[in-house]
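The block underneath contains the structure these notes are about, expressed in C-alpha cells.
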Amino acid sequence: MIEDAFDPKRFALLADLGEDDRDALVEVLELQRVATGRKLFREGGEADGLVLVESGRIVLSSKRTGARSEVGPGDAVGVLSLFAIGPREATASTIEPCVVWKLPRAHWRRLCEDAPRTACRVLEAAVRECAALLRESLDAVDGDA
C-alpha cells in the first residue's frame, strides 16, 4: 500500500510534519517510478506541482541561465509551483532510476480544502525554504561585490 511507503521525515521540506499530516498527504501524492534518461519536466513548461525525490538522482538544468545542479533523495523540486502559476525555470532529467512523489497543484488545492492544518504546515515549510534560498542568493551577490 502506498501510504505505508511514504514517510515525510525522509524529506527536509516535510521533516516537521506529524502522523496526521502524513495521512493527509498520502491522499494527494502520486508515486512515480522514472527510468534513467527521462524528463520529469521541461524548462518553460507549466510549473504544475511539487516533486519529492525518494530515490535516485536528477539533474536540473537551465538553458536560460546556464545553471546546472543535482538533487537526490530527500530533496524537493518545484516548491513554488504549488502557489505561483508560471513556467518551469529548469529541465529536470533523471540520471539514474528514480522514485518520486508528485504533488500536483490541483491536488494541493484539495489538500487546502480537506486538511487546512497540514496545508498550512507545508506552506510554512515552503516559505522557510524559499527564504533560505533568497538568503543564499543575496549572500552570493554580496560576495561578488
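Residue numbers (our numbering): 68 to 212.
All C-beta atoms in this analysis are idealised placements derived from N, C-alpha and C, irrespective of residue type, glycine included.
Please state whether the Cβ-Cβ distance between residue i and residue j is less than 8 Å.
i      : j      : result
Arg157 : Ser128 : Going by the sequence as given, residue 157 is Ala instead of Arg. In this structure, Ser128 lies closer than 8 Å to Ala157 by Cβ.
Leu107 : Phe73  : no
Ser148 : Leu117 : yes
Leu80  : Ala192 : yes
Using the DSSP secondary-structure output, state which residues sit across from residue i in a beta bridge.
i      : result
Gly85  : DSSP lists no partner for Gly85.
Ser122 : Val166
Thr161 : Ile125
Ala182 : According to DSSP, Ala182 bridges with nothing at all.
Nearest to residue i by CA position, among the options, is which residue?
i      : options                           : result
Ala182 : Ala79, Leu80, Ala207 and Arg89    : Arg89
Val138 : Glu113, Pro164, Cys179 and Glu191 : Pro164
Cys197 : Val167, Ala151, Arg184 and Arg177 : Ala151
Ala102 : Glu203, Ile162, His174 and Gly210 : Ile162
Leu170 : Glu86, Leu98, Phe78 and Leu84     : Leu98
Pro154 : Glu110, Glu203, Leu80 and Lys76   : Glu110
Phe78  : Ser122, Glu180, Leu149 and Arg202 : Ser122
Ile125 : Gly141, Arg172 and Gly85          : Gly141
Ala143 : Val189, Gly210, Ala91 and Arg202  : Val189
Ala134 : Asp115, Ala159 and Ala114         : Ala159
Glu86  : Arg172, Gly210, Thr185 and Asp206 : Thr185
What is the DSSP secondary structure of residue i, counted as helix, strand or coil?
i      : result
Arg177 : helix
Pro171 : strand
Ser148 : helix
Leu127 : strand
Arg135 : strand
Arg100 : strand
Pro154 : strand
Ala79  : helix
Buried or exposed for residue i, going by 16 or more other Cβ atoms inside 10 Å?
i      : result
Arg100 : exposed
Gly145 : buried
Thr132 : exposed
Val208 : exposed
Pro75  : buried
Val167 : buried
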